[in-house]
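Let me begin by presenting the structure, written as structure tokens, before commenting on it.
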């Protein structure tokens, strides 16, 4: 798959999942430490979203695997827990 095609696929899947979770671009942006306009550009594939750091951020924010984002599997994990929000109580 060509780089441009992969960027489009990742962007499309990221947007699809964000909408499934009823998340806003600003929310995902905050989780990733980027701007909402950057999320928009990741979603439309206009900037490089194939870098490991970007894929890890999208994966964590959207609760999916990197493999799912890249189209390598049709199954995404929905039970990923955000470790930063996990609290253990006695």
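Numbering (UniProt numbering), first residue to last: 1 to 90.
A virtual CB, placed ideally from N, CA and C, is assigned to each residue, including glycine.
Classify residue 22 as buried or exposed, calling it buried when 16 or more other Cβ atoms lie within 10 Å of its own Cβ.
Against the chain shown, residue 22 aligns to sequence position 22. Residue 22 should be labelled exposed.
Residue 58 - containing alpha helix (DSSP H), residue span:
The residue you call residue 58 lines up with position 58 of the chain shown. Counting along the chain, the alpha helix (DSSP H) containing residue 58 begins and ends at 52 to 62.
Taking a contact to mean a Cβ-Cβ separation below 8 Å, would you say residue 66 touches residue 55 in this structure?
As a first step, residue 66 is located in the chain shown; it is residue number 66 there, counting from the start. As a first step, residue 55 is located in the chain shown; it is residue number 55 there, counting from the start. Cβ distance < 8 Å, so residue 66 and residue 55 count as in contact.
Residue 58: buried (16+ other C-beta within 10 angstroms of its C-beta) or exposed?
One-based indexing of the chain shown puts residue 58 at position 58. When all chains shown are included, residue 58 counts as buried.
Measuring only the C-alpha atoms, how far is residue 81 from residue 63?
Taking the chain shown and counting its residues from 1, one reaches residue 81 at position 81. Taking the chain shown and counting its residues from 1, one reaches residue 63 at position 63. Confidence at residue 81 is low in this model, with a pLDDT of 47, below 50, so the placement of that residue should be treated as unreliable; the coordinate-derived value is given next. Approximately 8 Å between the Cα atoms of the pair.
Report all residues from its chain with a CB closer than 6 Å to the CB of residue 13; omit the five preceding and five following residues, and keep chain order.
Residue mapping note: residue 13 aligns to position 13 of the chain shown, counting from 1. Hits under 6 Å: 69.
For a test of the three-state rule: what should DSSP assign to residue 75, helix, strand or coil?
By one-based count along the chain shown, residue 75 stands at place 75. Here residue 75 sits in coil by DSSP.
According to DSSP, simplified to helix, strand and coil, what is residue 65?
In the chain shown, counting from the first residue as 1, residue 65 sits at position 65. Here residue 65 sits in coil by DSSP.
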